[in-house]
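Below is one structure, written out as structure tokens; the observations come after it.
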Amino acid sequence: MTNRNARLQKAISSGVAATALAVALAAAPAAAIEANASAASDVRNALVSDGLAPHFDLTSSITTGGLDLQTVRLDIDAAQLDPQILIANPNTPITARDPVNITGIAQMVVDNGNGGVGLCTGSLINPRTILFAAHCVNSRAATAYGANSGGVGIAFGFETNTRANAPGEVDELVRWLLGTNGQGRFQTNTAQALYNVNAVAYHPRSVEPGNGFRYADVAVASLDTPAVGIPTWSLLLSQLPQPSAITAASGTGYHVNLAGYGGNGTGTSGTLPIDFRRRTAENWLGALTSLDDFTSFLFGAAPAGLPQNLYWIDFDDPRRGTAAASPFDFNAFRDNALPREGNTAGGDSGGPLILDRTFAREVIIGVLSGGYTRFFNGQPANSFGTASFYQPLYLYWDWIAENNPYRYVTAAAGNRNWTDPTHWITSQDPNYFIIGPNGQLINGTPTSAGGTTVDISGKFGQACFQSGGSSECVDFSNGRTTVEQKPIGTDGIGDNAGTANLTSGIGEAVIEGAAASAQISAQISPSDPVSSASIPLPPATIANGLPGATNFVPNNSAGNRATGVLPRYFDVTLAAAGTTTLDTAVTIDRFRLNGVSAALNITSTGSLTSLIDVTQTIGSMQINGRLTSVGDYFLMAGGLSGTGTLRAPFFTSVAGTISPGATGNAGTIGTLTIDGNAILSSATQYLVDVGAGVSDRLAITGSASLGGRVIVSPVAGYTIKNGDTYRIVTTGGTISAGFNSAAPISAILTPVLTTSANAVDMRITAGQYRNVIDPFSLVQRSYAGILDSNRSAERNFADVYLRTDLMSASQIQSTFEALAPFTESARLSLGEAVLSSTSRFHRTRLQSSLSGDAGGTIAMIGQPLNLAATATSGVALPGALAAASAGQDSQETVMDSTSLNSDFAIYLGGGYLNGKSSPMPTALTPNRDDKFDGFFVVAGLEYLPRDGVVLGISGGYSDVDSSVVRGQAVAGELIEGSVYGAVTTKSGLVFDGRVSAGTFKVDTARTVVVGAGLFNLASSDDSLAITAELGMSAPIVTEAMVITPRVAAQYQYIGFDDVRETGGGPALDIDRNKFDSLQIRTGISASAKKTAVFRPYIYADFVYDAMDGDAFFGANFAGSTTGRFPFAYRSDDNSWGEAGVGLTIAQPTFEFTASIDTTVGRQDFQAQQYSLSALVRF
7 MTNRNARLQK
17 AISSGVAATA
27 LAVALAAAPA
37 AAIEANASAA
47 SDVRNALVSD
57 GLAPHFDLTS
67 SITTGGLDLQ
77 TVRLDIDAAQ
87 LDPQILIANP
97 NTPITARDPV
107 NITGIAQMVV
117 DNGNGGVGLC
127 TGSLINPRTI
137 LFAAHCVNSR
147 AATAYGANSG
157 GVGIAFGFET
167 NTRANAPGEV
177 DELVRWLLGT
187 NGQGRFQTNT
197 AQALYNVNAV
207 AYHPRSVEPG
217 NGFRYADVAV
227 ASLDTPAVGI
237 PTWSLLLSQL
247 PQPSAITAAS
257 GTGYHVNLAG
267 YGGNGTGTSG
277 TLPIDFRRRT
287 AENWLGALTS
297 LDDFTSFLFG
307 AAPAGLPQNL
317 YWIDFDDPRR
327 GTAAASPFDF
337 NAFRDNALPR
347 EGNTAGGDSG
357 GPLILDRTFA
367 REVIIGVLSG
377 GYTRFFNGQP
387 ANSFGTASFY
397 QPLYLYWDWI
407 AENNPYRYVT
417 AAAGNRNWTD
427 PTHWITSQDP
437 NYFIIGPNGQ
447 LINGTPTSAG
457 GTTVDISGKF
467 GQACFQSGGS
477 SECVDFSNGR
487 TTVEQKPIGT
497 DGIGDNAGTA
507 NLTSGIGEAV
517 IEGAAASAQI
527 SAQISPSDPV
537 SSASIPLPPA
547 TIANGLPGAT
557 NFVPNNSAGN
567 RATGVLPRYF
577 DVTLAAAGTT
587 TLDTAVTIDR
597 FRLNGVSAAL
607 NITSTGSLTS
617 LIDVTQTIGS
627 MQINGRLTSV
637 GDYFLMAGGL
647 SGTGTLRAPF
657 FTSVAGTISP
667 GATGNAGTIG
677 TLTIDGNAIL
687 SSATQYLVDV
697 GAGVSDRLAI
707 TGSASLGGRV
717 IVSPVAGYTI
727 KNGDTYRIVT
737 TGGTISAGFN
747 SAAPISAILT
757 PVLTTSANAV
767 DMRITAGQYR
777 NVIDPFSLVQ
787 RSYAGILDSN
797 RSAERNFADV
807 YLRTDLMSAS
817 QIQSTFEALA
827 PFTESARLSL
837 GEAVLSSTSR
847 FHRTRLQSSL
857 SGDAGGTIAM
867 IGQPLNLAAT
877 ATSGVALPGA
887 LAAASAGQDS
897 QETVMDSTSL
907 NSDFAIYLGG
917 GYLNGKSSPM
927 PTALTPNRDD
937 KFDGFFVVAG
947 LEYLPRDGVV
957 LGISGGYSDV
967 DSSVVRGQAV
977 AGELIEGSVY
987 GAVTTKSGLV
997 FDGRVSAGTF
1007 KVDTARTVVV
1017 GAGLFNLASS
1027 DDSLAITAEL
1037 GMSAPIVTEA
1047 MVITPRVAAQ
1057 YQYIGFDDVR
1067 ETGGGPALDI
1077 DRNKFDSLQI
1087 RTGISASAKK
1097 TAVFRPYIYA
1107 DFVYDAMDGD
1117 AFFGANFAGS
1127 TTGRFPFAYR
1137 SDDNSWGEAG
1147 VGLTIAQPTF
1157 EFTASIDTTV
1167 GRQDFQAQQY
1177 SLSALVRF
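Residue numbers for the sequence shown follow the numbering used here, beginning at 7 and rising by one.
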């Protein structure tokens, strides 16, 4: 616009300098824009005898084809040049240096031949990809780059000083460019963070005629080696929103950082030579607008076909408004200088525009293309008052995503093979960000394509020209121009910071009249802008880099430089539930396992190589083939198993579970090899499966620091034994620390680890049973003593040890309680029961004999013979006995007319007895009893020489069974013969006595369980049984009855023998004590007189046992020689009562008696007896 130029000319209308200024502004579109150094900073190296010397040619002020004609010669041997980014005074090029050595921003170096190099700046956006400017490389075809495939050499160095070398180090740039002793040329040098490039791509529109660097100026480079450990930068792929207001102090309010390796200097000095150092500065984002808009406002120029929006900054002098201010600073974009205000210069091209305060993370919003080197003749290049512009990433984000060689991928849920293309899905690149609906930063990509030069919507910011006391600004958001009669403020948010005194002949100019606003030319009108929101995205494919693509197999590809096929690198994460099976060879850049139910199974034919590292956050990794990680393998949690090889410099487990074995499950034995060094932290679990002489093993080729816990399990079919030994870890280097612990296998067995210089051995060791039992349980103490004492002979009792050794403490305690030989207490009770039953029968028999009359026939009332038949298991009675038995069915008196001598009597009796007794005291028997029942049969002959005297003999058989707790049982049989008699003295006292002797056979049966083993244990014993009783009574005859007090002493004895149980396993040798009892009995009875036909009677006795029974018996495993261990019998009462009632039906020649007897008040033993007898006198 000509009127614009007229106003500007008026503002500077004095002297030669003013004329020069006007001429410079008028010529600016053609002569004042410079590409900020690209291949631009073309550094030519000429080898000279005295080394390389720097040389600068600043005669040209503009480059349009990408190459900056600045030429620098590297002097390798010269002193380091001290003073890229230009910094505002009073800062210096030294204070602007980046103090952080490696930030992910790198210097690009292109081999231009003959020792010359081109220099630019780029940013690492993933381990393989550099984002930079197209004009740095578009002087050649993109397929021209890649020295190791025959193309042009290109590299990126990440150190803050790319020529800083430790003592003795070779200059990294020289090494890459020329080689050292024939080595290192065009090779990646990770030690000095210099990476070779194998492929380049730049936007094809960047080489359109007349462009150079003004639009579509974006490029990516692929590194031939992953840049491990170097920070990567996040990209903002959304357009910045228009600010709500533009202020004098902070302009748009968007604070940005700049970084680059280009020319350096200060706002007053202008550009100084490149010294291969990275510098940083800050600025306010001045505007989002186009070159057409800016030049139209500033120069009144017609649109030049450059409508693409650009991000702009200007170089503000902090001294603006003072006499010391630069006369060239006219505040190109409305804002004030920051403390570290800076601008860019040649060599910074491709560098990032970093938005650092708007969100919680820093994001790159643009890459540097170029700027106005000067606006005035005589103005130092890139000094105060100049401006730079950046390519907004949001306009070219989809091109960046497509040409970015790095793909983040994951697997779909389900079990599939790695080579199945439908198994894989591209993920969102973690460094891609957009602005969400609430203004928040979101990891994602836009929903529409980049707008390139078409999307001219969303402009913001104000461009200004300040001269003297007046200001003229255009607001790009609405196209309005404002003219004010005051300078733009430089302090705080005020508008007036004083009057600038322009020197060097630039006079102060004042615009007359009030402030005015005017629309600038129509070409920057914001009406009907085209937005990228109207440009649809294509479907996601692996080629275009959009998330959600499928139908590919992740396997790195080097591409083909000559045909323009870019490399493809994969960062793989398994997170979805399912197992991915790898049975071929695959190489990727990075592998992550990050799903609870996610698993990777590398079969014996499979091989996975990760060029960066492997991280297993959780999930399952099975390696039966080979896994190679150039970097470390980090296992946070989850499982690692297999019989293959894991190769990594360091394998580190924080809380992982390591289980060698082919199936990945417990129960298989194998060796997992770690080819490298290993660190296992204290939360690691090492699961070791063991068998007969074999076990899992970790074979570590390097050194190891072991920690965590060893957990041992047997394979199927094998039982772990005390004394088993295994080698579970071997190392090629030294072991600096051993495992923290080994988990007990059971309450008894514990692995004991021995760590030597390069191995870990494990021995299974048995502890003491006495340490895991309830010390208050005698049964547990005794069994603990048995097992502990027989440990040296454990092979003889393997059926027990192999089971109990593997039990928990509670299982051991319950097993010991259940193993108690409860039959031993029941055996005593049965013996006492059968002896007492025959004693009561004979006691009643004597009393009845002394009160009867002699007869001559056998009289039987009731069914004593049927009772006898029952005792013989239903065998028919022969002859007369059968007839007699049949006659009893009628319940009538049966008379046998056989004639016998009247001084004699014969009888037949029997009965049923039952009861209960206290069991062995154990934890299983509180409130429980052993129950018994059975029968007895007695037959006898009595001789009555005179009244008051009786002599008799008898024979008896008793059979009683006991049902014992825990399913144990005892059966007893007593065969006994007795001699007894009674005599009545003249004084009326009656003395009676009896001696019985016989054999008591007792059988015990125990079914016990030890672990999964069932054992049927049995014993049998025939013992001598003796009973003797002596009593005295004094009958008192009254008119109606006879009352008889009596006192007696009774001795009982069973000579039990020691027994050995059969049945194996926990069978016992039992030392049985003899049973003996001395009872003092006092009592009284009452009966009808002997002349009565029906003679009821009743009695009650008090019994005191003067002998204490044995409290314990001893036992040990059958065949053991380590002594005996005590087990408790039931407790014994010393006193109790007995009572009974009966009825005798008497005739001159026969008697029939029925009685019931019971113990009274006895806690340890209770018995009831029901007896019938029939007697015939003859």
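The beta carbon of each residue, even a glycine, is placed where N, CA and C say it ideally should be.
As the structure is a computational prediction, the values presented were derived from the model and not from experiment.
Cβ-based burial, residue i [other Cβ within 10 Å; buried from 16]
i: G159; result: buried
i: L1080; result: Before going further, note that residue 1080 is Lys rather than Leu in the sequence given. With fewer than 16 other Cβ atoms within 10 Å, it is exposed.
i: A1173; result: buried
i: A1018; result: exposed
i: A988; result: buried
i: V1166; result: exposed
i: I512; result: Reliability of the predicted coordinates at I512 is poor, the pLDDT of 18 falling under 50, and no value is obtained from them.
i: P99; result: buried
i: I280; result: buried
i: E214; result: exposed
Short Cβ contact (8 Å threshold) for residue i with residue j
i: G739; j: G708; result: yes
i: R833; j: V718; result: no
i: V369; j: L241; result: yes
i: R733; j: R769; result: no
i: A205; j: G152; result: yes
i: Q113; j: F365; result: no
CA-to-CA distance, residue j to residue i, given in whole angstroms
i: G485; j: K465; result: 10 Å
i: A874; j: T810; result: Note that A874 has pLDDT 41, beneath the 50 cutoff, so the model's placement of it is unreliable and the number below is only indicative. Rounded to whole angstroms, A874 to T810 spans 49 Å at the Cα level.
i: V1099; j: S1029; result: 43 Å
i: A1046; j: K1096; result: 10 Å
i: S375; j: A643; result: 47 Å
i: P247; j: A150; result: 39 Å
i: D320; j: T416; result: 44 Å
i: G930; j: E1067; result: For clarity, residue 930 is Leu in the given sequence; the question names Gly instead. Cα to Cα, the separation comes out at about 22 Å.
i: G185; j: R191; result: 4 Å
i: P545; j: A172; result: 51 Å
i: T428; j: F558; result: 7 Å
i: L617; j: D595; result: 5 Å
i: G1146; j: Y775; result: 51 Å
Beta-carbon proximity list for residue i, same chain, < 7 Å, skipping 5 on both sides
i: G612; result: L588, D589, T590, G631
i: G1089; result: R1052, Y1105, A1106, D1107, F1108
i: I792; result: N1122, F1123, F1131
i: S788; result: F1131, P1132, F1133
i: E1117; result: The amino acid at residue 1117 is misidentified as Glu; the sequence shows Ala. Answer for A1117: A1134, Y1135, listed in chain order.
Strand pairing of residue i, partner residues [DSSP]
i: N132; result: T135
i: G664; result: Looking at the sequence provided, one finds Ile at residue 664 rather than Gly. Answer is L646, Y692.
i: P358; result: V373
i: L297; result: Bridge partners of L297: none, in fact.
i: T1050; result: S1091
i: G917; result: F942, S1177
i: F162; result: M114, Y201
i: K922; result: K937, Q1172
i: K1007; result: E979, D1028
Proximal residues to residue i (C-beta, below 6 Å), its chain only, five neighbours per side dropped
i: V966; result: L836, A839, V840, F938, G940, G978
i: Q1058; result: L841, T1033, S1083
Own chain, CB closer than 8 Å to residue i, minus 5 neighbours either side, in chain order
i: L825; result: V785, Y789, V1014, V1016, P1072
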